[in-house]
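There are 2 protein chains.
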Amino acid sequence: MKNGLKVGLAGVGTVGGGLVKLLATRGDSLAARAGRPIELVAVSTLAHRKNPDADISSFRLVKNPVALAQDPEIDVFVELMGGEGGIAKESVEAALRAGKHVVTANKALLAHHGYSLATLAEKNGVALNFEGAVAGGIPVVKVIRESLKGNDISRVYGILNGTCNYILTQMEREGMAFADVLKEAQKQGYAEADPTFDIGGFDTAHKLALLTSLAFGTRTSFDSIYIEGIESITPADIEAADDLGYRIKLLGVALRTESGIEQRVHPTMVPKQSAIAEVDGVSNCVAIDGDFVGDVMLIGLGAGGGPTASAVVSDIIDIARGHVLPPFGTRSKDLKPYKKAQMRAHEGGYYIRLSVYDRTGAFAAIASRMAAQGISIESIVQHRSRAGLAGSDRTHKGSAAHVVMITHQTTEAAVRKALAAIERDGHVDSKPQMIRIEKL
Amino acid sequence: MKNGLKVGLAGVGTVGGGLVKLLATRGDSLAARAGRPIELVAVSTLAHRKNPDADISSFRLVKNPVALAQDPEIDVFVELMGGEGGIAKESVEAALRAGKHVVTANKALLAHHGYSLATLAEKNGVALNFEGAVAGGIPVVKVIRESLKGNDISRVYGILNGTCNYILTQMEREGMAFADVLKEAQKQGYAEADPTFDIGGFDTAHKLALLTSLAFGTRTSFDSIYIEGIESITPADIEAADDLGYRIKLLGVALRTESGIEQRVHPTMVPKQSAIAEVDGVSNCVAIDGDFVGDVMLIGLGAGGGPTASAVVSDIIDIARGHVLPPFGTRSKDLKPYKKAQMRAHEGGYYIRLSVYDRTGAFAAIASRMAAQGISIESIVQHRSRAGLAGSDRTHKGSAAHVVMITHQTTEAAVRKALAAIERDGHVDSKPQMIRIEKL
Chain A
-16 MKNGLKVGLA GVGTVGGGLV KLLATRGDSL AARAGRPIEL VAVSTLAHRK NPDADISSFR
44 LVKNPVALAQ DPEIDVFVEL MGGEGGIAKE SVEAALRAGK HVVTANKALL AHHGYSLATL
104 AEKNGVALNF EGAVAGGIPV VKVIRESLKG NDISRVYGIL NGTCNYILTQ MEREGMAFAD
164 VLKEAQKQGY AEADPTFDIG GFDTAHKLAL LTSLAFGTRT SFDSIYIEGI ESITPADIEA
224 ADDLGYRIKL LGVALRTESG IEQRVHPTMV PKQSAIAEVD GVSNCVAIDG DFVGDVMLIG
284 LGAGGGPTAS AVVSDIIDIA RGHVLPPFGT RSKDLKPYKK AQMRAHEGGY YIRLSVYDRT
344 GAFAAIASRM AAQGISIESI VQHRSRAGLA GSDRTHKGSA AHVVMITHQT TEAAVRKALA
404 AIERDGHVDS KPQMIRIEKL
Chain B
-16 MKNGLKVGLA GVGTVGGGLV KLLATRGDSL AARAGRPIEL VAVSTLAHRK NPDADISSFR
44 LVKNPVALAQ DPEIDVFVEL MGGEGGIAKE SVEAALRAGK HVVTANKALL AHHGYSLATL
104 AEKNGVALNF EGAVAGGIPV VKVIRESLKG NDISRVYGIL NGTCNYILTQ MEREGMAFAD
164 VLKEAQKQGY AEADPTFDIG GFDTAHKLAL LTSLAFGTRT SFDSIYIEGI ESITPADIEA
224 ADDLGYRIKL LGVALRTESG IEQRVHPTMV PKQSAIAEVD GVSNCVAIDG DFVGDVMLIG
284 LGAGGGPTAS AVVSDIIDIA RGHVLPPFGT RSKDLKPYKK AQMRAHEGGY YIRLSVYDRT
344 GAFAAIASRM AAQGISIESI VQHRSRAGLA GSDRTHKGSA AHVVMITHQT TEAAVRKALA
404 AIERDGHVDS KPQMIRIEKL
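Just so you know, the sequences run in chain order A and B.
For the first sequence, this note's numbering gives the first residue as -16, with consecutive numbering after it.
For the second sequence, this note's numbering gives the first residue as -16, with consecutive numbering after it.
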């Protein structure tokens, strides 16, 4: 058996604690699985963030993560502190420069600095592995980077944030309003005190930025992502979706188009009769459409100490076996600059819900606005919200009624223009709701 | 860039043809993806089996696969002929002995001879990769062998045969009888002229044998697998399942128990509200339950030239990158002998359908037979088959009525004894139907 692989760990929170526990639980069997012993030798952690479940008393403590990153004893620096810059970035860069392999679950760091860090890793001939950064325990990074490498990928998409999926699932199951479910989720620890990062779609976007680079061989470009959160989703939408055979999920989608790559995060209608519609609660999923393999989907837990530690360990094992690939599967110098497809050029079907005043001519005016933009309607229903009576987010002023439309394939630009005109016409009592339909 | 990796291919049928096409389509880009060129240099194929879609005119033809396997020019022997023994086994052994890496999609060969071939591969320091042998394009071999390596796995299961899944899906959608759907599937090329191998569960069992070894680190033991096919499933069962909130799928399941490992293939009830229930038509899926990662599921196309070629190419790329692991993820000398858990000790819920004569005391007799075996009933319904009127496989003699029961957790032995006694009592007009319920 070869020499042990010496690991330094920075960050012993939920995921770091999970890793300490996994390494302790597996013990000697991990050496057989990795081809050589994996030895955690030093740890850096903020005293007040120490994970009570993880016993780190037997490891050498290094106060400064940057010092740990360059520690002569370690071969691999595991960064589980988080944060898109600051000490996380500084220590990862220090480790790479010192010729240490790096394993991280830090999606924010990589979404913003993935290209430069990958370049640095390759320059120093070391690994920068990040299986835990995307969808927790779901092994999608390795699947795209290695298993599907024979394919040209046309689309990658998924449910990438457990908090949002939990909230949408609960809204549907309990018929509750967004704000009420959010409050409950915060109480139960499924949502942060400041939930903006999750429910606003930013966490999903971080992960999407990494999937895009892996799938399309482009440089990470977080700033190009179109982002909408789930705050605007009402029980009326969830009910109307249900009646029309759909479920609403927050998806991150990256799609190759003729004009470039679309990267978008938004609430999305998916058919109820699909596997993705059954991914509920805090579960995540990622789907990849390849030209030879067809459509592949992976489902699992997208967060938490155990699942993410499982991902981190697989990254460490690859390093133990000497299996070091370019971080995004393509050599950094071959990563193409990201070419953005404009969101207004997005093509697809749309769900539109309008709260329309019951006036003569209102509907004719709406229909003509849609027609003027060349939008054809697949189905239209006047929808009475069941939840509306109990506690919709929106009040139904006067005699306004919900009108729900599903459009045929059209463009984002056309829908936006039509809805702006409809709003200006004054036949609706609130901002129109618009949810994109994803073709599966 | 390193020297090219030279590949010899034996078998240019559906999968081999897909591989030839993939290599031709990807061209130079594959070299960048693999870190070095991948060059198909020689081919062995039976003239009458030539795939018209694959142009092999530019490759050197070697008539005898065994000669190709030892050809001095090749580094990798790709075996896509199929068959559990004969020329496939002979050529794979010859290649391994000659120090050539082997890639195969031959599940029958590995299910029967996996342990000895893995031993031979390791002895010669070469790869024996078989991603394409299990669930086609779904990258489950690498996921278990590498990505989930930090976990102890308690169960692996899946829908592993597209023909069976297509037949069950069609029976449900069209309300048709098994025999009629089978005939149609044969016409459309979804089922073989002799369908026994698929519908009898043997193909599923071959794949399960490989998953078991990967997941539990045991030697392959095909002969220990309990196998039931889908021939006995009637429209009445599918309807009753639907009414009770289940769907019927042919699953292969390997489960770690205290007395050993259960390996079983049988029609199975899964909850309709689950991702696995939405895996329909020719799609496959594999689920893995790990102690740290939780439950992971992979869904995709389980057969066909494109998906399987995608898998074969990922195996070749691993070899090109020098990433060679023990075939089953554990060194052959460390693979434990398979310890079988007896099927009669299987624990779970059961669906039982009886065609009961409408006689005083019949039901009381049945209930007492169940009680005598300690089986408690979760729900019981008298079920009138809708399809029964149109064309059930079973005739409803006299005034017999379907009684459908769902049991609480019990054992296979108890259910078998109870059903045997019920049959002996003479209150039923046909053999009781029994379908296991899998807890997801």
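Even glycine gets a Cβ: it sits at the ideal position worked out from N, Cα and C.
Item	Value
Please name the residues in the segment 132 to 159 of chain B whose beta-carbon is closer than 9 Å to at least one beta-carbon of chain A, in chain order.	132, 133, 134, 135
Mapping the DSSP letters down to three states, classify residue 189(B) as helix, strand or coil.	helix
Measuring CB to CB, does residue 428(B) end up less than 7 Å from residue 160(B)?	Because chain B here runs from -16 to 423, residue 428(B) falls outside it and cannot be looked at.
Would you report the Cα separation of residue 193(B) and residue 183(A), rounded to the nearest angstrom?	43 Å
Would residue 90(B) and residue 189(B) qualify as a contact pair, given that the criterion is a beta-carbon distance under 7 Å?	yes
Name the one or two DSSP bridge partners that residue 254(B) has.	229(B)
So which of 186(B), 307(B), 332(B) has the shortest CA-CA distance to residue 394(B)?	332(B)
Out of 304(A), 411(A), 254(A), 149(A), which has the shortest C-alpha to C-alpha gap to residue 286(A)?	149(A)
For the alpha helix (DSSP H) containing residue 90(B), name the first residue and the last one.	90 to 106
Does the beta-carbon distance from residue 299(A) to residue 86(A) come in below 7 Å?	yes
My understanding is that residue 294(B) touches residue 280(B), with C-beta atoms under 8 Å, so please give their C-beta distance in whole angstroms.	So it is not a contact: roughly 18 Å between Cβ atoms.
Taking only runs of the beta strand (DSSP E) that begin and end inside the segment 287 to 358 of chain B, which ones reach a length of at least 3 residues, in chain order?	330 to 339
Would you mind sorting residue 133(A) into buried or exposed? The rule is 16 or more other CB atoms within 10 Å of its CB.	buried
From residue 16(B) to residue 197(A), what distance separates their C-alpha atoms?	12 Å
Tell me which residues of the segment 243 to 275 of chain A have at least one Cβ-Cβ distance to chain B shorter than 7 Å, keeping chain order.	256, 257, 258, 261, 262, 273, 275
At least one CB of chain A closer than 7 Å to the CB of residue 292(B): is that the case?	yes
As a quick exercise: from 50(B), 320(B), 403(B), pick the residue whose alpha carbon is nearest that of residue 195(B).	320(B)
Name the residue from 278(B), 224(B), 175(B), 306(B) whose alpha carbon lies nearest to the alpha carbon of residue 111(B).	306(B)
Could you compute how far the alpha carbon of residue 362(B) sits from the alpha carbon of residue 363(A)?	41 Å
Just checking: is the beta-carbon of residue 49(B) within a distance shorter than 7 Å of some beta-carbon in chain A?	no
Taking the straight line between their C-alpha atoms, what separation do you get for residue 360(A) and residue 382(A)?	24 Å
Output the residue ranges of the beta strand (DSSP E) runs that lie fully inside the segment 379 to 418 of chain A and measure 3 residues or longer, sorted by chain position.	384 to 390
So residue -2(B) packs on residue 187(B), CB below 8 Å; how close in whole Å?	Between residue 187(B) and residue -2(B) the Cβ distance is about 18 Å, and since that is not below 8 Å, they are no contact.
Please return the same chain residues whose Cβ sits closer than 8 Å to the Cβ of residue 201(A), not counting the five positions on each side in sequence.	195, 244, 318, 319, 320, 321, 322
What in chain B is Cβ-close to residue 129(A), meaning under 9 Å?	122, 125, 129, 297, 300, 301, 304, 306
Skipping 5 residues on each side, what residues in its chain have a beta carbon closer than 6 Å to that of residue 345(A)?	339, 410
Pick helix, strand or coil for residue 267(B), following the three-state DSSP scheme.	strand
For the segment 181 to 194 of chain B, which residues have a beta carbon sitting closer than 9 Å to at least one beta carbon of chain A?	none
Roughly how many angstroms separate the alpha carbons of residue 392(B) and residue 414(A), rounded to a whole number?	53 Å
Output, in sequence order along the chain, the residues in the segment 308 to 322 of chain A whose CB is closer than 8 Å to any CB in chain B.	308, 312, 313, 314, 317
In chain A, which residues lie with their C-beta within 9 Å of the C-beta of residue 0(B)?	Those within 9 Å of residue 0(B) in chain A number zero; the least Cβ separation is about 12 Å.
Just reading off the beta strand (DSSP E) that residue 25(A) is part of, what are its end residues?	21 to 27
With distances taken between CB atoms, is the gap from residue 258(A) to residue 261(B) smaller than 7 Å?	yes
Tell whether a beta-carbon distance below 7 Å holds between residue 237(B) and residue 284(B).	no
Residues of chain B with CB closer than 7 Å to the CB of residue 197(A), please, in chain order.	In chain order: nothing, as chain B lies at least about 12 Å away.
If I follow the unbroken alpha helix (DSSP H) through residue 166(A), where does it start and stop?	161 to 170
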